[in-house]
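In this text, residue positions in the sequence shown follow this note's numbering: the first is 62, and each later residue adds one. Glycine included, each C-beta is placed from N, C-alpha and C at the ideal position. Let me begin by presenting the structure, written as structure tokens, before commenting on it.
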Amino acid sequence: MGLGRDQARAAATGATVRQLHPRREPPPEPEPARLWHVVLSLAGEVTPLGALKAGLEQLAHDHSFFLTARYAADHAEIRYWEQARDLHDAAAIALRLWGEHRTSAKLPPWEIVGLEVIDRATYHQRIAEGTGAPAGQLGGVHPY
């Protein structure tokens, strides 16, 4: 394939020919996923405890890395691990969790009233300091 007329003229006069499709660098490697500890707090209308416990147990079954849930008739707290690239992604996933599982787990139409997302190192630092574990039983679904 030969040079176009303008390119041939530029080459003959010693001018620089600009490439229309410059060589592109490969895209950067994506950051590896990290583990984030999430505490999601929810509240709403009073819900029968049996139905709420069954819904939280179903959520625990459906969601990987589920750690523990505590509940009362009008509020609950869920603690779990989330795998995400960064804090922003982990928080976005956490904010969708209840809504995405509400129908399949038969969860009440409560709203999210609190969210904490911390990295693994901070979680372990809090545990070492004695401030990171929730009060009561760890693991499973339990009433307050």
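Residue i to residue j span [Cα, whole Å]
i	j	result
GLU138	PHE126	15 Å
VAL99	LYS114	20 Å
LEU156	LEU176	8 Å
ASP180	ARG146	11 Å
GLU161	GLU143	15 Å
THR108	TRP159	15 Å
Neighbour-count burial assignment, residue i, 16 or more Cβ in a 10 Å radius
i	result
ARG131	buried
VAL32	Given a span of 62 to 205 for the chain in the structure shown, any question on residue 32 remains unanswerable.
TYR141	buried
THR164	exposed
VAL178	buried
LEU117	buried
Residue i - partner residues in DSSP beta bridges
i	result
ARG140	VAL100 and THR129
PHE95	Just to set this straight, residue 95 is Arg in the shown sequence, not Phe. Paired residues: ALA145.
VAL202	ALA130
Inter-residue CB distance, residue i and residue j (contact presumed, cutoff 8 Å)
i	j	result
LEU103	ILE154	Rounded, the Cβ-Cβ distance is 15 Å, inconsistent with contact.
TYR184	GLY193	6 Å
ALA166	LEU120	5 Å
Where are the beta strand (DSSP E) runs, 3 residues long or more, that stay fully inside the segment 158–187, in chain order?
-> Runs of the beta strand (DSSP E) inside the segment 158–187: 172–180.
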